[in-house]
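The sequence shown begins at 1 in my numbering and counts up one residue at a time. Inspection log for the structure reproduced underneath, given as structure tokens.
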Amino acid sequence: MQAKVSKEIQLNKYSQMDDNIKAKDRIIAWPRMGRIDIPLKALLLTLGAKVVIPPANSKETLELGVKNSIEGICLPYKLNLANYIMALESGANTLMMFQAPGSCRLGNYTKMAQKTLKKMGYEFDMVIFDMYKSKMKQTLQAFWHVTRCINPFKYYKAFSLGFNKFFAIDEAEKQMFYYRPREIRKGEAEKYYNKWLKIIDETNTIMGAKTLVKKIKKDFKNIEIDGKKNVPVVYLLGEFFVLLDPYTNQNVEKVLGEMGIEVQRQIMFSGWLEHVLKPSIFYNKESHRERCVRYAKKYMKRAIGGECIETIGDTVYAAQNGVDGVIHLMPFSCMPEIVSQNILSKVSKEEDIPVITLVLDEQTGKAGYITRIEAFVDLVKRKKYKNQNKNLRERTTV
């Protein structure tokens, strides 16, 4: 089969290039990661674009990605590549992707995927959000390129809808993480979460989107909980993709919640987007990344790419703020998180906090994965109860 020609869009050279695909004919797709499909769909449809959303990540997705990837590449790439293939087979002709700085191979994903897809005979444009460059400028240029929308109000509505839906999804997840280990009727928190995902997806007005977070908080309070239950808190941190995609991390948040653990995930969609896209002059408080850099100083002087410095900084912060344990998730062969993994043993010892690293790839077995989590949860609970009894004896003595 003769390979068709694909084209990578250089965002700073739009005006110098002729489009292979006219804006009105573009059908846009992007990789699946958690529920990123809901806000991105709203944003692009508001700008007048057509979209294709590949199926949620699954065993079929992974098998397709492994089949067409080079050996040794990390799990997120394999799933991203499969998402692209599925989207192209469903009619997409424009693919969108971030390109990251530092030692994370995300900076090469687009070029690797583009080359592979070209060899497979697909014709498409690859539009890259280059995080090496001006973030907001690049973002606006990318959306203009694929939609040719010039209406300022549409951009305002699109970004308002998209961002507020990101905030709402994050809030629904946080509420589910809190209520799941405490709920009287098992599974109720997840039902509320799924209900709100549907409502968020169907909300199409700016005013409606802005009220979602408040409504979600109020609604979750209807869940009956055991207020006296002693629930340990565990931070979930590590590489961005495996943190945010339930299939990839084997639904670790649900597993922990059902074991009586409150999960607090330190990287959320909305916080990451604000850091990536929002100009620093509009921050009115310390960002998550700035906090991590500050807390990581003892162990790491500068960021090396990926979420490495966030992993270290969040672990130190957890230890100094009464969190009961840390679970570090990483894809096999992820370079920044390999660095994190080696530093974390020292952090765990010096800061006196239990830490476990779970490495994920297509070979990860469910049984062994659960067994390691169960052992860690048992350790965390015993440590928490021991510290509580110690504090109680000290107060009684005084």
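The beta-carbon is built from N, C-alpha and C at its ideal position, and this holds for glycine as well.
Item to check | Short Cβ contact (8 Å threshold) for L64 with A82 | outcome: Taking the first residue of the sequence shown as position 1, residue 64 is located at position 64. Taking the first residue of the sequence shown as position 1, residue 82 is located at position 82. Result yes, Cβ atoms of L64 and A82 sit closer than 8 Å.
Checklist entry - Between Y122, K119, M120 and A113, which lies nearest to I128 when the distance is taken from Cα to Cα? => result Along the sequence shown, read from residue 1 onward, the residue named residue 128 stands at position 128. Nearest option by C-alpha distance: A113.
Checklist entry - What separation, rounded to the nearest whole angstrom, lies between the Cα atoms of Y84 and I304? => result Stepping through the sequence shown from its first residue, residue 84 is reached at position 84. Stepping through the sequence shown from its first residue, residue 304 is reached at position 304. In a straight line, the C-alpha of Y84 is about 28 Å away from that of I304.
Item to check | Proximal residues to E190 (C-beta, below 8 Å), its chain only, five neighbours per side dropped | outcome: The count along the sequence shown starts at 1 and reaches residue 190 at position 190. Answer for E190: M176, R180 and K254, listed in chain order.
Checklist entry - Can V355 and H328 be called in contact, C-beta distance under 8 Å? => result As a first step, residue 355 is located in the sequence shown; it is residue number 355 there, counting from the start. As a first step, residue 328 is located in the sequence shown; it is residue number 328 there, counting from the start. The answer is yes: Cβ separation under 8 Å.
Next on the checklist: So within the region 69 to 149, which uninterrupted beta strand (DSSP E) runs reach at least 3 residues, ignoring any that extend past its ends?
Outcome noted: 94 to 99 and 125 to 130
Checklist entry - What three-state label does DSSP hand D378 in the structure shown? => result Taking the sequence shown and counting its residues from 1, the one referred to as residue 378 is at position 378. D378 falls in the helix class under three-state DSSP.
Next on the checklist: Which residue wins for smallest C-alpha separation from F153, given the options I206, K210 and K67?
Outcome noted: Counting from one through the sequence shown, the residue named residue 153 turns up at place 153. When each option's Cα is compared against that of F153, the closest is I206.
Checklist entry - For Y235, which residues does DSSP report across the bridge? => result Position 235 of the sequence shown, counted from the first residue, corresponds to residue 235. For Y235, which the question treats as bridged, DSSP gives the partners Q264 and V326.
Checklist entry - When DSSP builds the beta bridges, which residues end up paired with E183? => result Counting from 1 along the sequence shown, the entry for residue 183 is found at position 183. E183 is bridged to I225.
Item to check | Straight-line gap, L379 to P336 (C-alpha atoms, nearest Å) | outcome: Residue numbering aside, residue 379 sits at position 379 when the sequence shown is read from its first letter. Residue numbering aside, residue 336 sits at position 336 when the sequence shown is read from its first letter. The alpha-carbon atoms of L379 and P336 are separated by roughly 27 Å.
Item to check | Rounded straight-line distance, which links the Cα of N230 to that of V263 | outcome: In the sequence shown, the residue the question calls residue 263 occupies position 263. In the sequence shown, the residue the question calls residue 230 occupies position 230. Rounded to whole angstroms, V263 to N230 spans 14 Å at the Cα level.
Checklist entry - Beta carbon of K384, beta carbon of P232: below 8 Å? => result On the sequence shown, residue 384 is found 384 positions in, with the first residue counted as 1. On the sequence shown, residue 232 is found 232 positions in, with the first residue counted as 1. Result yes, Cβ atoms of K384 and P232 sit closer than 8 Å.
Next on the checklist: At the level of alpha carbons, what is the spacing between E183 and E258?
Outcome noted: In the sequence shown, the residue the question calls residue 183 occupies position 183. In the sequence shown, the residue the question calls residue 258 occupies position 258. Rounded to whole angstroms, E183 to E258 spans 10 Å at the Cα level.
Checklist entry - Using the beta-carbon count (16 or more within 10 Å), is P55 buried or exposed? => result Here the question's residue 55 lines up with position 55 in the sequence shown. Flag for P55 reads exposed.
Checklist entry - So what's K50 in DSSP terms, helix, strand or just coil? => result Position 50 of the sequence shown, counted from the first residue, corresponds to residue 50. Three-state result, K50: strand.
Checklist entry - Contact between the region 307 to 325 and the region 339 to 347: three or more CB pairs below 8 Å? => result Yes, since at least three Cβ pairs between the region 307 to 325 and the region 339 to 347 fall closer than 8 Å, the two stretches touch.
Checklist entry - Smallest Cα separation from G410: which of K285, V359, A87 and I70? => result Since the first residue shown for the chain is 1 and the last is 398, residue 410 is missing from the structure and cannot be characterised.
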